[in-house]
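Residue numbering for the sequence shown follows this note's numbering, beginning at 2 and increasing consecutively.
Ideal Cβ positions, reconstructed from N, Cα and C, are used throughout, including at glycine.
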Amino acid sequence: MQPRKKLWWGLGALLILLILGLGSWWYMARSKSVDVVIVKPVTEPLMITRDVTLAPLYSATVSPAASGPILGPVPTVGTNVSVNDHLFTIDVSPYEAQLARARNATSEASAAPAAPPVNTPVITEAQQLLQQGIITQAEYAKIVAREQAKQPSVYTPSAAAAPDTSTIERQIAAANVTAPVAGKVTAVYVTADGVAVQDRPALVIASLSPLVGEMPLPNALTEAVQQARTAPETTLTLRVNGHDYFGEMTALSPTGGDVTALKFRFDNPGEMLQPATPYPLTLKLPTKVSLIHLPLRSNIGDDTVYIVTADGLIDARHVTTAYVDGDDWVVLAGLTAGERVIAEPAPHLEIGMHVDVRA
Numbered sequence: 002m003q004p005r006k007k008l009w010w011g012l013g014a015l016l017i018l019l020i021l022g023l024g025s026w027w028y029m030a031r032s033k034s035v036d037v038v039i040v041k042p043v044t045e046p047l048m049i050t051r052d053v054t055l056a057p058l059y060s061a062t063v064s065p066a067a068s069g070p071i072l073g074p075v076p077t078v079g080t081n082v083s084v085n086d087h088l089f090t091i092d093v094s095p096y097e098a099q100l101a102r103a104r105n106a107t108s109e110a111s112a113a114p115a116a117p118p119v120n121t122p123v124i125t126e127a128q129q130l131l132q133q134g135i136i137t138q139a140e141y142a143k144i145v146a147r148e149q150a151k152q153p154s155v156y157t158p159s160a161a162a163a164p165d166t167s168t169i170e171r172q173i174a175a176a177n178v179t180a181p182v183a184g185k186v187t188a189v190y191v192t193a194d195g196v197a198v199q200d201r202p203a204l205v206i207a208s209l210s211p212l213v214g215e216m217p218l219p220n221a222l223t224e225a226v227q228q229a230r231t232a233p234e235t236t237l238t239l240r241v242n243g244h245d246y247f248g249e250m251t252a253l254s255p256t257g258g259d260v261t262a263l264k265f266r267f268d269n270p271g272e273m274l275q276p277a278t279p280y281p282l283t284l285k286l287p288t289k290v291s292l293i294h295l296p297l298r299s300n301i302g303d304d305t306v307y308i309v310t311a312d313g314l315i316d317a318r319h320v321t322t323a324y325v326d327g328d329d330w331v332v333l334a335g336l337t338a339g340e341r342v343i344a345e346p347a348p349h350l351e352i353g354m355h356v357d358v359r360a
């Protein structure tokens, strides 16, 4: 009985191994077979969608011209201000004390007695000759000047240079910090109980209308976009909370690489758009260009797809996206007509791997 049980156990184990082996073989065979999409460009009106962030066209960094403790409140982020509105006050009492000391020193120097006049035997004799009419007043003045030049210089307080107080006075005048531009406070770097530091940013004021930004475009599209900028069908829109905001293209600026920066602006009177917040931007042109439609699942990440070469090997292509509409991924560039894109790459696929294309 015991040997028979061992035989059955052995046959069962062998059967399990056989099943596992066949399963692995079937999986490996299946996993190296792929479905592909043949690249077939179509000509359609150009539409590009990108996530962009906006920035204020006009902004100013407020840097105080004096250092010292801050007195009173400081505006918070979101506060609206007008030109010359009071922002905060700096305690400039140390500067005032310094100015008082400088002015006292100047007053003491002004009150000091002047140096006594020079009187030598030569000058005394010249005075007598002048009184007798032997020399003229001009000759007498020359003699006195020569004698004064021979005398050693004598320092007196009145001869000292008065200290320059203009810098101190400017710092005192900067005690009240005001807004250089109208707008909204977008950043604050100081607090009401903190210290302001001369020439260091205290806060930032920005006008929230208009807002500006830019979007990269392939250089190959620059001419088409330039020609269609003024066409009535051309639109540039931001979609925010179900509402479309229309903008204006302002410039096409080369970057020195393979893309051109499309610059734009949006008026924002209601301040519904906020700086540094990502928004979906859509550019629509009547110009027709060559586009490629792919399944979104073919994107393995970073706008990259796997293709199957003529030798049956996997290679990768980085593409330029136009827009995504549900499961439809529309590509601008990066693929050639006739190339075979793997429709839904499995995670284990790698560049250089040999695969079979399913019929």
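Of the candidates T44, D357 and L58, L58 places its Cα closest to the Cα of A207. Taking a 10 Å sphere around the C-beta of E140, we find fewer than 16 other C-beta atoms and assign the residue as exposed.
Cβ contact annotation for P42 (same chain, cutoff 7 Å, sequence separation greater than five): S291, L292, I293 and A338, in chain order.
Between the C-alpha atoms of Y190 and V78 there is a straight-line separation of about 10 Å. Counting the other Cβ atoms within 10 Å of the Cβ of A323 gives 16 or more, which makes it buried. DSSP links I315 through a beta bridge to V309. In the DSSP assignment, T168 falls within the unbroken alpha helix (DSSP H) covering S167 to A174. The way I'd put it, the segment 325-338 doesn't touch the segment 276-285; fewer than three beta-carbon pairs between them come closer than 8 Å.
8 Å or more divides the Cβ of G214 from the Cβ of V320. It is roughly 17 Å from the alpha-carbon of F265 to the alpha-carbon of S60. In the three-state reduction of the DSSP assignment, S64 falls in the coil class, being assigned neither a helical nor a strand state. For T121, the CB contacts under 6 Å within the same chain, skipping 5 residues up- and downstream, are E148 in chain order. Judged by DSSP in its simplified three-state form, S83 adopts coil rather than helix or strand.
It is roughly 7 Å from the alpha-carbon of P65 to the alpha-carbon of V198. In the three-state scheme derived from DSSP, where H, G and I count as helix and E and B as strand, R359 is classed as coil.
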